[in-house]
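Those protein sequence lines, which keep their order, are chains A and B. According to my numbering, the first sequence is numbered sequentially starting from 851. According to my numbering, the second sequence is numbered sequentially starting from 128. To keep things clear, I will list the structure first and then write my remarks on it.
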Amino acid sequence: MNIFRLTGDLSHLAAIIILLLKIWKSRSCAGISGKSQILFAMVFTTRYLDLLTAYISLYNTSMKIIYIGCSYATVYLIYAKFKATYDGNHDTFRVEFLVVPVGGLSFLVNHDFSPLEILWTFSIYLEAVAILPQLFMISKTGEAETITTHYLFFLGLYRALYLINWVWRFYFEGFFDMIAIVAGVVQTILYCDFFYLYVTKVLKGKKLSLPA
Amino acid sequence: PVKKKRKDEL
């Protein structure tokens, strides 16, 4: 464990908690893409199956359980409890265009052709593009609530910190995982446009609105 | 460098 991976995990946890609290306290999921949240639940489910087979540390196990629990709770709040506030008309990204290619690629490019490894690879590739429905929805509505931009900021920051973690581990431990690194770079690049808007607008107290 | 396969990252 290094400081970059730890702050990355805490940033990820912060994003997940911010979103869950935003929906729970405002009793509304307006502006939130339910499709992205379903994809994140798929990412955690396919990646953390090793909860059943391997014990790495209390930290590792507890964080995985928290991530899975919060992501399913968020999906439940969006599609069940606060379904009336779900903005389905703007959450129209065709997720099959993400899941099918990602599924195919995880069979073609992986470290080991075993079920657990292919599912892990699928989750890595899927996480790289899982935010697209949310970014697409914001481009359609033309704006995002400030709390949603903070959620996106911490979510994007977490994988950017992981990139630094991988540089650190390569240098100090000789460890690297090309699949995770390439997917992580793609994932972080997808946030660049948002990061620019977040820094130039939201951090200056303005609302995040796109066409302007 | 060796590519350790133990998945210890989240």
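Cβ coordinates follow ideal geometry from the N, Cα and C atoms, glycine included. Everything numeric in this text was worked out from a predicted model, so none of it was measured.
C-alpha distance - T935/A paired with S883/A, whole-angstrom precision: 11 Å
Burial state of P128/B, where buried means 16 or more other Cβ atoms lie within 10 Å: Summary for P128/B: the model assigns pLDDT 46, below 50, so the residue's position carries little reliability, and this model does not support an answer.
The alpha helix (DSSP H) enclosing E967/A, as first and last residue numbers: P965 to V979
Amino acids of chain B, ordered along the chain, whose beta-carbon sits closer than 9 Å to that of I906/A: R133, K134 and D135
Euclidean distance between Cα positions of E995/A and Y975/A: 28 Å
Cβ pair count under 8 Å reaching 3, the region 948-958 of chain A against the region 916-932 of chain A: no
Uninterrupted alpha helix (DSSP H) stretches inside the region 932-966 of chain A (no shorter than 4 residues): 946-958
Sheet register partners of E993/A (DSSP bridge): S1059/A
Simplified DSSP state of P128/B, which is helix, strand or coil: Annotation note: pLDDT 46 at P128/B (below 50); position unreliable, coordinate value reported separately. Looking at P128/B - three-state DSSP - the assignment turns out to be coil, as it is neither helix nor strand.
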